[in-house]
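Here's the structure, in C-alpha cells; my notes come after.
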Amino acid sequence: MDGAQCRLSNPHSNAAVDLNGDCLADMFLVCDEDNGSDKYFQIWINNKEDGFALAQLGRFPRGMRSVTFGDIDRDGTIDMLFVTCDSVSNGSGIGSGCNMNIAYNKQLPLCSSTATQNIKNGKRVCRLPTDLCVADPDFQFDLRESPDNPDFVRIPISDIFPFRQGAPTPHLLVTDTSHNPPLPLPIRIGDANQDGFPDILAILASGNDRTPQMAYSVHCGKGVAGCDVNGRGRRGFQALKKGGEILTGITDARSAVFMDIDEDGTLDIMVQRTGSQGQGKVSFIQNNFYYDAFFLKAVVLNGACGSGLCATPNSSDKYHPFGVSYSGATYKYTVLDTSGRRAAAEVGQLPQTAYHSLLTPYAYFGLGRTNNYIENLFVGSTKHSDQHFINMEGVIPNSKLVIIPPLGNDDASWRKELYLRPGEWIPWVTLTVVAATVLLAIIVFVLHLSEKREDELERRRASHHINFDAL
140 MDGAQCRLSN
150 PHSNAAVDLN
160 GDCLADMFLV
170 CDEDNGSDKY
180 FQIWINNKED
190 GFALAQLGRF
200 PRGMRSVTFG
210 DIDRDGTIDM
220 LFVTCDSVSN
230 GSGIGSGCNM
240 NIAYNKQLPL
250 CSSTATQNIK
260 NGKRVCRLPT
270 DLCVADPDFQ
280 FDLRESPDNP
290 DFVRIPISDI
300 FPFRQGAPTP
310 HLLVTDTSHN
320 PPLPLPIRIG
330 DANQDGFPDI
340 LAILASGNDR
350 TPQMAYSVHC
360 GKGVAGCDVN
370 GRGRRGFQAL
380 KKGGEILTGI
390 TDARSAVFMD
400 IDEDGTLDIM
410 VQRTGSQGQG
420 KVSFIQNNFY
430 YDAFFLKAVV
440 LNGACGSGLC
450 ATPNSSDKYH
460 PFGVSYSGAT
470 YKYTVLDTSG
480 RRAAAEVGQL
490 PQTAYHSLLT
500 PYAYFGLGRT
510 NNYIENLFVG
520 STKHSDQHFI
530 NMEGVIPNSK
540 LVIIPPLGND
550 DASWRKELYL
560 RPGEWIPWVT
570 LTVVAATVLL
580 AIIVFVLHLS
590 EKREDELERR
600 RASHHINFDA
610 L
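Its first residue numbered 140, the sequence shown is counted upward by one per residue in this note's numbering.
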C-alpha cells in the first residue's frame, strides 16, 4: 500500500466494500487528524496482484461517529451513511444535536436501455446492464454541505423521528456504555419492506428510556425528512407508526439489528436489552407485514474443497461442505419493475465485522414488485484472478443462492446452487391445480359419453336404413 499514512481511529468504521463499481472489494479506512478530534477517510482501490492504491481522501464533518454502507438510492453504487453529533455523553452514550448524513457515490449511471450508446467522444458515459462490473476511475464522495451539492444530504434525527407534544426531546444513542469498553452503535440499514431501498433502525433515548425505532425509505415529497422544502431529493425517511407499537414498548434497548430469524424471506429485528424491564436480555420481533414484493438471498463461500466433496480422514466417506462467508463479496443486479423500467442495485456481503456489527452472513436484497426473473446478477469475490466475477441471468426471485468461486489459481467454473423456498401458498396452488384437473377430467368424460351415445344412435339408424335400390 503506497500512499499517505493513516492513524486508525479508535473506534473506527473500516470496511472492505466495493466503492469504484468493479465488483471487487476496496479498502475504506477511518483515520484521525493530528488534532485527535477530527477524522478523515481514505479509499484504497483493490488492484488485485498489484496491491492497493490510494484513490481518494476526504474529511468528515466534525462530530462524526460511525459509518454504514449501502445502496441508499438504488442506483447500483454503494453509498455512505454516517452520524454526526454536536456532543456525546461519556457516561450514557447519548448524543445531542445528532444528524444522519448520506454521501451518495458519484459514479457512472445505468444506461436507460441495452441499445443506448454508452461511449461518447471516447469516454464512457453510462454502464450497460451487461457491464455492471466495469470500474469507474472517476468515482467520488463529496461531503460538502452546499446547495449546489445534491450528493450530500444532512437530516436531523429529530426530523426523522419527531417527538410527541409535551414529551421529552428524543436523542440518539450512539454508544453502548453497558459494554466495557463502550461499543459504537451505527444506524443499521436493511430492506424491511422489500422495495429495494434500505430502511434504517436506531435506538432513541428519552429520559431513562432506550427505545428502538425504525424508519422506512420513501419517495421524496413535501414534509418528508431528507427532502427539500419543495419536496425534491433522492430519498426521504418516515418513521414506522402503525404496527410499531411493540418497538415503542421496549425501553431498555442496548442495540438493534436486522436479521431473518424465521427464514421466511423478510427481515425481522433482534433487540439486545439491559434487562431492566424484566423481559430478558434479547428480544426478537417478527416482521409479519405483508409486502407485495420479492426478495433474494445470496451468499459467496470460500469453499472448503475444490471438488465440492471433502474426504473424511481415515475413512472413505465424503461429505458436501460449504465453508465460510466471504468478507467483501459484491452483488449487483438489474431487474424490471411491473411497468418495464429497469433498476440496478448493489449489495455488499459482510463489509464490516468489528464492534458487534452483527451483519447477516448472507446478502439480502428486496427486489420490489416485478413480474419477471432477475435480469442480470453479477457476483464478485476478492479472488485475484482474471475473472473475479460472474454474470448470472434469469435467477428466480424468492430464493437463496449459494456461490463458491474456484479455489486458488484454479480457473474451473464457479459452483452455483439455487434453493427455492416453498411459500405458504404452495398447498393452495396444488389444491387448485388438482381441482381444475379433476374438473377438466369430468368434462372430458361427460363429453366422451355423449359422443359415444351419439355414435351408437347413428349406428342404429344406419342399421335400420332400407336400401331401395337393392329392391
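We treat Cβ as the ideally placed atom computed from N, Cα and C, and that holds for glycine. The structure presented is a predicted model; accordingly, all values stated were derived computationally and were not measured.
It is roughly 28 Å from the alpha-carbon of Leu-406 to the alpha-carbon of Arg-303.
Asp-391 and Ser-422 have their alpha carbons spaced roughly 11 Å apart. Under the 10 Å beta carbon count, Thr-350 is surrounded by 16 or more other beta carbons and is classified as buried.
In the assembly as shown, Arg-393 is a buried residue. Its beta-carbon has 16 or more other beta-carbons within 10 Å. Secondary structure at Ser-235: strand, using DSSP grouped into helix, strand and coil.
Contact between Ala-164 and Ile-182 is absent: CB atoms are separated by about 12 Å, not below the 8 Å threshold. Nearest Cα to Glu-532 within the set Thr-521, Phe-517, Pro-544: Phe-517. Leu-379 and Ser-356 have their C-alpha atoms roughly 10 Å apart.
Counting the other CB atoms within 10 Å of its CB gives Leu-386 a total of 16 or more, which places it among the buried residues. By a beta-carbon distance limit of 8 Å, His-358 does not contact Ser-235. Their separation comes to about 31 Å. According to DSSP, Pro-351 shares a beta bridge with Ile-342. Per DSSP, reduced to three states, the secondary structure at Phe-278 is coil, with no helix or strand assignment. Bridge pairing for Lys-262: Lys-259 [DSSP]. In the DSSP assignment, Lys-187 forms no beta bridge with any residue. Three or more beta-carbon pairs drawn from the region 308-328 and the region 203-212 are found closer than 8 Å, and the two stretches are therefore classed as touching. Within the same chain, Cβ atoms closer than 8 Å to the Cβ of Arg-327 are found at Thr-207, Ile-339, Leu-340, Ala-341, Ala-395, Val-396, Phe-397, the five residues on either side in sequence being excluded. A Cβ-Cβ contact shorter than 9 Å links Asp-334 with Tyr-430. Within the same chain, Leu-158, Asn-159, Gly-160, Asn-244, Lys-245, Gln-246 come within 7 Å of Phe-278 by CB-CB distance, once the 5 residues on both sides are set aside. Pairing Ala-468 with Thr-521 gives a Cβ-Cβ distance under 9 Å.
Shown here, Glu-532 sits in a strand according to DSSP, grouped into three states. Look at Phe-300 here: in three-state DSSP terms it is coil, with no helix or strand label. Its chain contains no residue whose beta carbon lies nearer than 6 Å to that of Gln-418 once the 5 sequence neighbours on both sides are disregarded.
In the structure shown, the three-state DSSP call for Lys-436 is strand. In this structure, Ile-241 is the residue among Ile-241, Glu-514, Ile-582 with its C-alpha nearest to the C-alpha of Asn-288. In the three-state reduction of the DSSP assignment, Phe-584 falls in the helix class, which pools H, G and I. Taking all protein chains in view, the Cβ of Ser-148 is crowded by 16 or more other Cβ atoms within 10 Å, so the residue is classified as buried. By the Cβ-count criterion, Gln-411 is buried, with 16 or more other Cβ atoms from all chains shown falling within 10 Å of its own Cβ. Close CB contacts of Pro-200 within its chain, under the 6 Å cut and outside five residues either way in sequence, are with Thr-223 (chain order). Excluding five sequence positions before and after Pro-268, the CB atoms of its chain that fall closer than 8 Å to its own CB belong to Leu-249, Cys-250, Thr-253, Thr-473, Arg-481, Ala-483, Glu-514, Asn-515, given in chain order.
9 Å or more divides the Cβ of Pro-544 from the Cβ of Val-156. Counting only runs of at least 4 residues, the region 381-429 fully encloses the following alpha helix (DSSP H) elements, listed from N- to C-terminal order: 384-387.
Gly-442 is the residue among Ala-450, Asp-399, Gly-442 whose C-alpha sits nearest the C-alpha of Gly-462. DSSP places Thr-569 within a helical segment (H, G or I) once states are collapsed to three.
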